Amino acid sequence: MSILRSQVVGCGSYLPARIVTNAELAQKVDTSDEWIVQRTGIRQRHIAADDEPTSIVGLKAAQAAIADAGIDPTEIDLIIVATATPDHTFPATATQIQAALGINGGAAFDVQAVCSGFVYALATADKFLTTGSARAALVIGAETFSRILDWEDRATCVLFGDGAGAVVLKAVPGQGTLADRGILTTHIRSDGRYKDKLYVDGGAGSTKTVGFLRMEGKEVFRHAVNNLAETVRYTFEQTGLSGADIDWFVPHQANRRIIDATADKLGISHDRVVVTVDRHGNTSAASIPLALAEAHADGRIKRGQLVLVEAMGGGFTWGSALIRW
Ligand code: UT7
4 MSILRSQVVG CGSYLPARIV TNAELAQKVD TSDEWIVQRT GIRQRHIAAD DEPTSIVGLK
64 AAQAAIADAG IDPTEIDLII VATATPDHTF PATATQIQAA LGINGGAAFD VQAVCSGFVY
124 ALATADKFLT TGSARAALVI GAETFSRILD WEDRATCVLF GDGAGAVVLK AVPGQGTLAD
184 RGILTTHIRS DGRYKDKLYV DGGAGSTKTV GFLRMEGKEV FRHAVNNLAE TVRYTFEQTG
244 LSGADIDWFV PHQANRRIID ATADKLGISH DRVVVTVDRH GNTSAASIPL ALAEAHADGR
304 IKRGQLVLVE AMGGGFTWGS ALIRW
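The letter at position 264 of the sequence shown is residue 267 when you use the numbering used here, and the numbering goes up by one with no holes.
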């Protein structure tokens, strides 16, 4: 049976030039390179310049993905930006990127699922493409978390970084089997009871301020490993696959210990895991497409391989997607 699949035809990313090491942070807050590396695996992060809002960081990743796809930007009729750090409360960052790319057809909008944002955006784009509502989609994860960090709170400011990644997806006929190239499954979940575990303490509709990120790290950690394993197990049940079938596991990059524990629970060997958290820190919605772009560019992820992505973030939100690259 012929069905439409959302095929990845291009992938790209952008990291701001400025690198902040753990040693530099240790000069500002009571922390150490040793603590940060041991607890998180993070060694450095990129921080956007003052004149680099999220739309610019996202635009640069989008341009790289479009160049990789080798298509004309005007072929794109759907742009979804996953971000929790939009330039403005409105308009959507996606519409600003749309204009900067010279696209004036189709639809552009943002999705807000914090660190799970890219998986949510991918799942949304997949629905548009596989129902024939769009033909080519640009899905971007772009963040400037440095702007919502309390730089005096050592428990959070050492964890995050800025950056963006993007994929271009095209609706292509497939056979409806696991051998098809494209997005094979997506699962997204949320549970708003955990709002207070990870949130920003401001907003246009409440305090009229932007606010700062607040997190109960230990609680988030505990839920992350369980929720992530659960969503992927559902994927395995649906497809009959197991961890041994996954060519590349590209998890959200929050903490090396979460990544390792999840891979172990799923039976995925560590040499099949793409890790960038050491160099990027946690870039929220940008972390998965940044990691995809790196492993795509250096030739690890090859056409036809099975790629599993998953993420968990504030809300709580979490989800996964299985892609034949
Ligand atoms: O992307 C969205 C999802 N987010 C996550 O997945 C983050 C999940 N959570 C985590 O990654 C970890 O919980 C953290 C890395 C945030 C914290 O690691 P932890 O092993 O859970 O440490 P902790 O919060 O229990 O803190 C242990 C100690 C505390 O001191 P006491 O109470 O034992 O004396 C903290 O005050 O470490 C202290 N501490 C620090 N020490 C040095 C907290 N932050 C720092 C720091 N430097 N930066």
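Beta carbons are placed, not taken as given, at the ideal position from N, Cα and C, and that holds for glycine.
These figures come from a predicted structure and were not determined experimentally.
Bounding residues of the alpha helix (DSSP H) (the contiguous stretch that carries residue i)
| i | result |
| --- | --- |
| Phe334 | An answer regarding residue 334 cannot be provided, because it is not within the stretch 4 to 328 covered by the chain. |
| His226 | Gly220 to Thr242 |
| Arg282 | Val280 to His283 |
| Val60 | Thr57 to Ala72 |
| Gln41 | Asp36 to Thr43 |
| Ala52 | Unbroken run through Ala52: none, as it is neither H nor E. |
Segment limits, beta strand (DSSP E) that includes residue i
| i | result |
| --- | --- |
| His255 | Looking at the DSSP string, His255 is not in any beta strand (DSSP E), and its letter there is neither H nor E. |
| Ile6 | Ile6 to Tyr17 |
| Leu81 | Leu81 to Ala85 |
| Val23 | Arg21 to Thr24 |
| Leu201 | Leu201 to Val203 |
Per DSSP, the bridge partner or partners of residue i
| i | result |
| --- | --- |
| Ser193 | Thr320 |
| Glu146 | Gly166 |
| Phe112 | Ile83 |
| Glu313 | Pro254 and Ser323 |
| Ala140 | Leu81 and Leu172 |
| Thr180 | According to DSSP, which records beta bridges pairwise, Thr180 is partnered with nothing at all. |
| Ile186 | Ile326 |
| Gln47 | Thr24 |
| Leu216 | Val203 |
| Val161 | Val161 is not bridged to any residue. |
Residue environment, residue i, which counts as buried when at least 16 other CB atoms sit within 10 Å
| i | result |
| --- | --- |
| Phe93 | exposed |
| Trp154 | exposed |
| Asn107 | exposed |
| Gln10 | buried |
| Ile262 | buried |
| Gly44 | buried |
| Pro176 | exposed |
| Ala87 | buried |
| Ala324 | buried |
| Met315 | buried |
| Ser5 | exposed |
| His49 | buried |
| Lys198 | exposed |
For residue i, the nearest candidate out of the options (CA to CA)
| i | options | result |
| --- | --- | --- |
| Ile173 | Ala300, Arg192 and Val142 | Sequence check: residue 173 is Lys here, not Ile. Selected option, being the one with the closest Cα: Val142. |
| Arg282 | Val23, Val11 and Cys14 | Val23 |
| Asn25 | Ser149, Leu201 and Ser35 | Ser35 |
| Trp321 | Ala52, Ser16 and Ala124 | Ala124 |
| Gly206 | Gly214, Val84 and Gly318 | Gly214 |
| Ala52 | Asp80, Gly135, Asp75 and Ser149 | Ser149 |
| Ala20 | Asp33, Thr134, Gln30 and Asp165 | Asp165 |
| His255 | Ile191, Leu231 and Thr238 | Leu231 |
| Gly284 | Ala111, Leu7 and Leu28 | Leu28 |
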